[in-house]
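Q:
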Amino acid sequence: MRSDVRTYAHDVNGVLGSILAVADVQSARGGNGDKAQAAFADIAAAARRGGTLVENLMRAASVADSGTDSAVERDLSYLETLHVALDPVAAELERSGRGESIPIVDRETGRFLSVLVSALRPKNILEIGTAFGYSALWMARAQGPGGRILTIDPDRSRTDIAAEFFRKAGVSERIEIVNRPALDVLPELRPDSFDFVFIDALKEEYADYLRLAVPLLKRGGMIAADNLLWGHAASMPPAANDPTATLGIRTFNEALLHHPALEATIVPIGDGLGLAVKR
Ligand SMILES: C[S@@+](CC[C@H](N)C(=O)[O-])C[C@H]1O[C@@H](n2cnc3c(N)ncnc32)[C@H](O)[C@@H]1O
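Its first residue numbered 7, the sequence shown is counted upward by one per residue in my numbering.
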């Protein structure tokens, strides 16, 4: 069951428990007069009934949730069996990333990026967050021989692995890796020079990536950004102890969807993918 539903149910139960305690004490105490005592007994009975209803609601929510989850899982497995299998290099790259717990994009997000890039044919792609090069490989293959990708990641131990995969896949000539923090690199890039930007690095910096990336994008160019649902955390009721990454994603989502220069949406593919076109 969703944890916010559980929290709300717990709170309602707490309130009902307090009402019940007071009503029970007052109805047992006597000296209030018969009418008042009967009223307290009625309140106690209603609070007990409320408690039972909350339990029923929680059970129903739990059953509904598991039904939805299994239906979604079934849909995803069905779609997976329909798609063409990954080629050996992409499959090995995906295994390495997942094996070392590198947060690479979900396979369906990779496929979606690939279809987008095939449709839009962007000549110049900017990627923020390379890791082992999984998302870059999806885009490079879809982009075709004339395209270029500039991908930024300060972690050379990861990008050395990416470079090796790019070589194996025969796309390394078209991909330039920059091993510096994106916020240092973006201000140095030429305005209006990219057709497609993919954001997938530090969640706390997403809003700054957006601010700096929009001027780099040509008119009609597209920005895509991963993890906008952030493992179901972004949609939870805000709490004082929310991690900074969750706050970063929420701030970014607002900024993306209300950016005056962008036509944007967020779709629930993988961990949530933002898509925006520069007007
Ligand atoms: C989610 S992973 C990228 C996954 C990759 N896009 C893929 O799907 O294959 C995020 C990457 O951002 C990199 N990163 C961390 N700080 C960064 C920064 N300041 N600028 C750019 N990238 C950064 C991390 O080293 C990590 O490899």
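Glycine residues also receive a C-beta, built at the ideal position from the N, C-alpha and C atoms.
#1: Using only the alpha-carbon positions, how far apart do T271 and V220 sit?
#2: Please give me, in chain order, every unbroken run of the alpha helix (DSSP H) with length at least 4 that falls completely inside the region 101-156.
#3: Using a threshold of 7 Å, is the CB atom of V111 nearer than that to any non-hydrogen atom of ligand 1?
#4: Nearest by alpha-carbon distance to G152: which of I131, L85, A96 and A169 is it?
#5: So what does L268 bridge to, in DSSP terms?
#6: Taking Cβ positions, are A213 and A261 nearer each other than 8 Å?
#7: Given this structure, state the Cα-to-Cα distance separating L216 from R113, to the nearest angstrom.
#8: With a threshold of 7 Å, establish whether the CB of F138 neighbours any heavy atom of ligand 1.
#9: Spell out a yes or no on whether the region 185-195 and the region 228-236 are touching, meaning 3 or more CB-CB pairs, one atom from each, closer than 8 Å.
#10: Helix, strand or coil: how does DSSP classify R162 here?
#11: Measuring straight from C-alpha to C-alpha, what distance separates F138 and A15?
#12: Between the C-alpha atoms of I255 and S120, what's the straight-line distance to the nearest angstrom?
A: If we stick to the structure as given:
#1: 15 Å
#2: Segments of the alpha helix (DSSP H) lying fully in the region 101-156: 113-126 and 140-149.
#3: yes
#4: I131
#5: In DSSP, L268 forms a bridge with K284.
#6: yes
#7: Roughly 24 Å between the two C-alpha positions.
#8: yes
#9: no
#10: helix
#11: 43 Å
#12: 24 Å
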